[in-house]
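There are 2 protein chains.
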Amino acid sequence: MNESETRWLSAEEQKVWRTFMQAFNDFNAHLDRQLRRDSGMPVAYYEILVMLSEAPDHCLRMGELAELVRSSRSRLSHAVAALEKSGYVSRCPADGDRRGAVARLTDTGMAALEEAAPGHVTEVRERLFDPLTEEQVKALGEIAEAVAAGMRPACEKAIAEEFAAEAVTEV
Amino acid sequence: MNESETRWLSAEEQKVWRTFMQAFNDFNAHLDRQLRRDSGMPVAYYEILVMLSEAPDHCLRMGELAELVRSSRSRLSHAVAALEKSGYVSRCPADGDRRGAVARLTDTGMAALEEAAPGHVTEVRERLFDPLTEEQVKALGEIAEAVAAGMRPACEKAIAEEFAAEAVTEV
DNA sequence: AACCACTGCTTGAACTCTCAACTAGTGGGT
DNA sequence: ACCCACTAGTTGAGAGTTCAAGCAGTGGTT
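Residue numbers (UniProt numbering), protein chains in the order written: chain A, 1 to 171; chain B, 1 to 171.
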């Protein structure tokens, strides 16, 4: 923070901000608890299974999978290790690149996913879609789109700054 | 899940849902990383400090604080322990109820908060408010309100079911 | 006064996530 | 053929969260 002036939030912005954080933290916590309780896995793991289930052959390179579930490679690596221990996913070397690994959804994993899905979807519907009008759902989609769009430049900027920092550091 | 029919998401709902989760997970991750990097604390801890800073005397009972930041008592207990170790918060017995404890924001904690706030707020503004139009901000507020409203009954329902389960089990 | 269900908060263990190394393999220059 | 910077993925340690169990104090009942 070396901008000279912080643009603080107005009273109304504060209110929106807090309501928003409250609602969606609670919502996420709800989803996570439901899934942990009923299917013994956190939402993050569920989403890994979903992505794999939609992939051709139920297989994906670790890197692609990481992108799809928007998690760091490291996090994914740990997660897949855990899922492998549960027997839901198996890992094998990728062909074409001997560094690579592909994760594959096992039949047990697919079964677990099918078992978990109805409860999860029901929760999403009841807690998110049911309380909203159609226009609100549409608006939410557009809002999310806008925020996502505003996020991409941020990444690029971060990378650019990193480069700049390196350039300065290295003589 | 013993409802006979799961109300799956339509294609459009799917799209909204995924965009939403993507955008706001990324957004949250962003906030958290910024705060960890620049101020060495996760967003959850920052919010604890905020709540304390707004409380009369910078003091709050652990229970109230837990409500305010919407975390379990256990989580809060661990968090306050950590914040105490950093010297940002101190704990002392509540008077009137010898089980109780109150958390107090120390001067160091207040300073840390003031140091952290501008960077955090700037991030919120640039990543959330700036990309949205005024109407979208308003819509987001209403959406959050609706979702929050739809969450309260869920809690009550959960508690009711717990009671029901107990009633069945005992005897 | 002795009981007992309940509340307020803490604790420990298991689990997940983050961050910073680290290994191994790739591909382009020389 | 040999470098060397870069990419793919893993690992380990430490931080934070969850869940279930625990301790102590409270307040109503008998």
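Quick reminder that beta carbons are idealized off the backbone N, C-alpha and C, glycines included.
By a C-beta neighbour count over all protein chains shown, 10 Å radius and 16 as the cutoff for buried, is Ala139 (chain B) buried or exposed? Locating residue 139 (chain B) in the second sequence gives position 139, counting from the first residue. So Ala139 (chain B) counts as buried.
Establish whether the CB of Asp130 (chain A) and some CB of chain B are separated by less than 8 Å. Walking along the first sequence from the start, residue 130 (chain A) turns up at place 130. The Cβ of Asp130 (chain A) sits closer than 8 Å to at least one Cβ of chain B.
So, using beta-carbon positions, are Met151 (chain B) and His120 (chain A) closer together than 8 Å? Taking the first residue of the second sequence as position 1, residue 151 (chain B) is located at position 151. Taking the first residue of the first sequence as position 1, residue 120 (chain A) is located at position 120. Result no, Cβ atoms of Met151 (chain B) and His120 (chain A) do not sit closer than 8 Å.
With 16 other Cβ atoms within 10 Å as the buried cut-off, status of Trp17 (chain B): By one-based count along the second sequence, residue 17 (chain B) stands at place 17. Trp17 (chain B) is buried by the Cβ-count criterion.
If I follow the unbroken beta strand (DSSP E) through Arg33 (chain A), where does it start and stop? Position 33 of the first sequence, counted from the first residue, corresponds to residue 33 (chain A). Counting along the chain, Arg33 (chain A) falls outside any beta strand (DSSP E), though it belongs to the alpha helix (DSSP H) covering Ala11 to Ser39.
Beta-carbon within less than 8 Å of Tyr46 (chain B)'s beta-carbon, same chain only, minus the 5 sequence neighbours each way: which residues are those? As a position in the second sequence, residue 46 (chain B) is number 46, starting the count at 1. So the list reads Leu35, Ser39, Leu113, Ala116 and His120, once near-sequence residues are dropped.
So the candidates are A:Leu49, A:Ala23 and A:Arg61; which of them puts its Cα closest to the Cα of Gly96 (chain A)? By 1-based counting over the first sequence, the position of residue 96 (chain A) is 96. When only C-alpha atoms are compared, the closest one is A:Arg61.
Interface flag, His58 (chain A) vs chain B, CB-CB below 8 Å: Along the first sequence, read from residue 1 onward, the residue named residue 58 (chain A) stands at position 58. It does not; no Cβ of chain B falls within 8 Å.
CB contact check: His30 (chain B) to chain A, cutoff 8 Å: Translated into the one-based positions of the second sequence, residue 30 (chain B) becomes position 30. Look at His30 (chain B): its C-beta is under 8 Å from a C-beta on chain A.
From B:Ala103, B:Leu76, B:Asp32 and B:Glu13, residue whose alpha carbon lies closest to that of Leu52 (chain B): Taking the first residue of the second sequence as 1, we reach residue 52 (chain B) at position 52. That would be B:Ala103, whose Cα lies nearest to the Cα of Leu52 (chain B).
Against chain A, with Cβ distances strictly below 8 Å, would Pro118 (chain B) count as a contact? Looking up residue 118 (chain B) in the second sequence gives position 118. Pro118 (chain B) counts as touching chain A.
Here's the rule I'm using: 16 or more other beta-carbon atoms within 10 Å means buried, otherwise exposed. How should Ser71 (chain A) be labelled? Here the question's residue 71 (chain A) lines up with position 71 in the first sequence. By the neighbour-count rule (16 or more Cβ atoms within 10 Å), Ser71 (chain A) is buried.
Which residues in the same chain as Met21 (chain B) place their Cβ atom closer than 7 Å to its Cβ, once the five residues preceding and following it in sequence are excluded? For this step, residue 21 (chain B) is matched to residue 21 along the second sequence. Cβ contact annotation for Met21 (chain B) (same chain, cutoff 7 Å, sequence separation greater than five): none.
Output, in chain order, the set of chain A residues within a Cβ distance shorter than 7 Å of Gln14 (chain B). Residue mapping note: residue 14 (chain B) aligns to position 14 of the second sequence, counting from 1. By Cβ distance, chain A contributes nothing, its closest Cβ being about 10 Å from Gln14 (chain B), past 7 Å.
Verify the CB distance criterion: does Asp97 (chain A) have a CB-CB separation below 8 Å to chain B? Here residue 97 (chain A) corresponds to residue number 97 of the first sequence, with the count starting at 1. Not closer than 8 Å to any Cβ of chain B, the Cβ of Asp97 (chain A) fails to qualify, so no.
Report yes if the C-beta distance between Pro131 (chain B) and Ala144 (chain A) is below 8 Å; otherwise report no. Position 131 of the second sequence, counting from 1, holds the residue named residue 131 (chain B). Position 144 of the first sequence, counting from 1, holds the residue named residue 144 (chain A). Taking 8 Å as the Cβ cut-off, Pro131 (chain B) and Ala144 (chain A) do not qualify as a contacting pair.
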